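The next block holds one structure in the form of structure tokens; read it before the comments.
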Amino acid sequence: MIPIKLTLRNFMPYRDNVPPLDFTGIHTASICGDNGNGKSALIDAITWALWGRARGKSDDDLIHQGQTEMAVEFDFAVGQQPYRIIRKHALPKRRRASGQSSLDLQITSDGSFKPISGDRISETQRKIVDILHMDYDTFINSAYLRQGHADQFTVADPAKRKQVLGNILGLSLYDDLEKSAKELAGKRATDKTMAESAIRDIDEQLTGKPAY
0 MIPIKLTLRN
10 FMPYRDNVPP
20 LDFTGIHTAS
30 ICGDNGNGKS
40 ALIDAITWAL
50 WGRARGKSDD
60 DLIHQGQTEM
70 AVEFDFAVGQ
80 QPYRIIRKHA
90 LPKRRRASGQ
100 SSLDLQITSD
110 GSFKPISGDR
120 ISETQRKIVD
130 ILHMDYDTFI
140 NSAYLRQGHA
150 DQFTVADPAK
160 RKQVLGNILG
170 LSLYDDLEKS
180 AKELAGKRAT
190 DKTMAESAIR
200 DIDEQLTGKP
210 AY
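Those letters in the sequence shown? Residues 0 to 211, per numbering that gives the first Met the number 0, in order.
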């Protein structure tokens, strides 16, 4: 996944007057600044756009103080194919109600972006994970070392480490192949049983047939 452009509105410390962050032509970057200046928030914006998660905070807590809604637009490329994600969230209008969220996934075709979102946010999220071949947990355990969590992978339980490594190495392909093989073997066994039953029925019919 190659970042192309990040646009923020009312996300954490950033208000609605932030110019887009253009990554075009940047191969290595160092983001410097004092604590609390919003360096990590830029990564949070990317992870929230891609997976709807950012350092364990709820969507409501990510909205800039005093504002009622936020949005992150993130352009990126996988291989040579550019994509755009637009994720938004608004505070609930009534107490004890849920906020309103939206997620749009677009792909470039003939020089313009066209929507490829699912009917529901969960469907669109699955499409994003399929495109990236990576979920949030895999990302923070492999490509991104959060402050104070550099040992997150090493302290994870064996099952979690196995899952992360499997996602990184694409081992889920072999799980899919194993599942397909078992399903095919089961179908073949069923066909064999049905064929043997049919043969027995024919044998019984032939046994009872009078001789001429």
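Ideal placement from N, C-alpha and C gives every residue a C-beta, glycine not left out. No experiment lies behind these values; they were computed from the predicted model shown.
Following the DSSP letters along the chain, one finds L49 in no beta strand (DSSP E) but inside the alpha helix (DSSP H) bounded by residues K38 to W50. Taking a contact as a CB-CB distance under 8 Å, the pair K87 and S97 does not count as one, their CB atoms being some 14 Å apart.
Counted as a single uninterrupted DSSP element, the alpha helix (DSSP H) harbouring Y135 occupies residues Y135 to S141. Residue pairing by DSSP places E72 opposite T6 and I85 in a beta bridge. Secondary structure at T189: helix, using DSSP grouped into helix, strand and coil. Under the three-state reduction of DSSP output, Q99 falls in the strand class. Boundaries of the alpha helix (DSSP H) around K126: I120 to L131. Leaving aside the five residues that flank R83 on each side, the residues in its chain whose CB is nearer than 6 Å to its CB run, in chain order, D74, Q105 and F112. Contact between Q80 and A89 is ruled out by a C-beta separation of about 31 Å, above the 8 Å threshold. Look at K113 here: in three-state DSSP terms it is strand.
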